[in-house]
Every structure is written in structure tokens, then in C-alpha cells.
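For the sequence shown, our numbering assigns the number 64 to the initial residue and increments by one for each residue that follows.
One structure is given below, encoded as C-alpha cells.
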Amino acid sequence: MIDPEKWAEQMDGELRRKDESAAAQGEVFLAKRKLLDTHTPLLWKQLVASLTDFAAAFNKRRGNTLTIEDDGGDLFCIRRSSDAGAALLSATFYHLENRVGILIQPGSCFRNYTAKVIPGSGEGIVCLVWENPETGNKSQIAIDEIASAALEELIKTIP
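Following this line, the structure appears as C-alpha cells:
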């Protein structure tokens, strides 16, 4: 025969462990979210600075062929100066999703880079990650690699 008191004690213990586990998971989620919300805007600023540096270096060699349009906010554009409407790189920072999108037109080359917390020393490291839509493989990408690849794509789309 099952003792009701022991059964109630056992069930209470299981529910407490489940509640504690859920609370711990919630705390981890909130800590990661805080880390992302703090560090992703810094990654955005680094990306804008890197795109600016690469464009300036290209302009120095090619005579100001790229025009930078920076509103100081969530949108950063570079266009080929000689064909004002033809080729455009648009980088957009999506705060709520902690991601950056880069669109290059014409050609509609689009890439999303999502900020992720990579386990490491302390709280972890926040970096931008690209997920290959064909394979699902995820790659951590350095800011300078994102900037140089995007500008290379922009420059090569121009006849």
C-alpha cells in the first residue's frame, strides 16, 4: 500500500526540483540576453567602423569611388559614387533580434549575422555568427571579414 504522506513528499520534491531547474534556466536566459543587449551594439559600431575603414582605403587607391551614408543609427550604406542608384550596400542593425543584415543590390546578395554568446571565460564572449542557409552550418565570423567580404561583393557587382 502507498503511504499518502510519502507520496506527497516525493511529488513535492520532484516539483521543487523542476521549479528550481526552470528558475535556473530563466536566470541563464536573462544573463545571456543582458550580455547580448550590452555587447551587440558594440559589434555594430565595430562593423560600421570597419566598413568605413575599408571603404576609405579603397577610395584612397581608386579616387573616392565609394560614398558612405551613415545616419549614426541603425542603417549604414555605401554606394558606388559614379552610379548613384545602381549599386548599394545596406547594413542594418536589428536591436530586438540582436542581428545585423547586409544587403547588396543589384543582385540581392543578403546575409544575416546573429549575435551569439559563445561559452568562454567569465560570462562568455559575444560574436557575430552566420548560418549557411543551404547546409545549416554556423560560422563565427570576424568583423573585418564581414566588412571586406561585403565590400568585395559590392565592388564586384559593378560592371
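For glycine and all other residues, C-beta sits at the position ideal for the given N, C-alpha and C.
Range covered by the beta strand (DSSP E) that runs through LEU129: 129-133
I'd like to confirm the pairing. Which residues does DSSP put opposite VAL189 in its beta bridges? VAL180
By the DSSP assignment, the alpha helix (DSSP H) with ALA210 in it spans what residues? Following the DSSP letters along the chain, one finds ALA210 inside the alpha helix (DSSP H) bounded by residues 206-219.
Nearest-angstrom Cα distance between ALA178 and GLY170? Going by the C-alpha atoms only, they are around 25 Å apart.
With a cut-off of 8 Å on the beta carbons, I'd call LEU152 and ALA213 a contact; round off their distance for me. Approximately 6 Å separates the beta-carbon atoms of LEU152 and ALA213; this is inside 8 Å, confirming the contact.
Straight-line CA distance for GLU132 to THR220? 19 Å
What is the rounded straight-line gap between the Cα of SER144 and the Cα of ASP116? 17 Å
Identify, in the order they occur along the chain, each residue of the same chain with its Cβ nearer than 7 Å to the Cβ of THR103, setting aside the five sequence neighbours on each side. ASN161, ALA178 and VAL189
Environment of ARG124 [buried if 16+ CB atoms lie within 10 Å]: exposed
Residues bridged to LYS201 [DSSP beta-bridge criterion]: According to DSSP, LYS201 bridges with GLU194.
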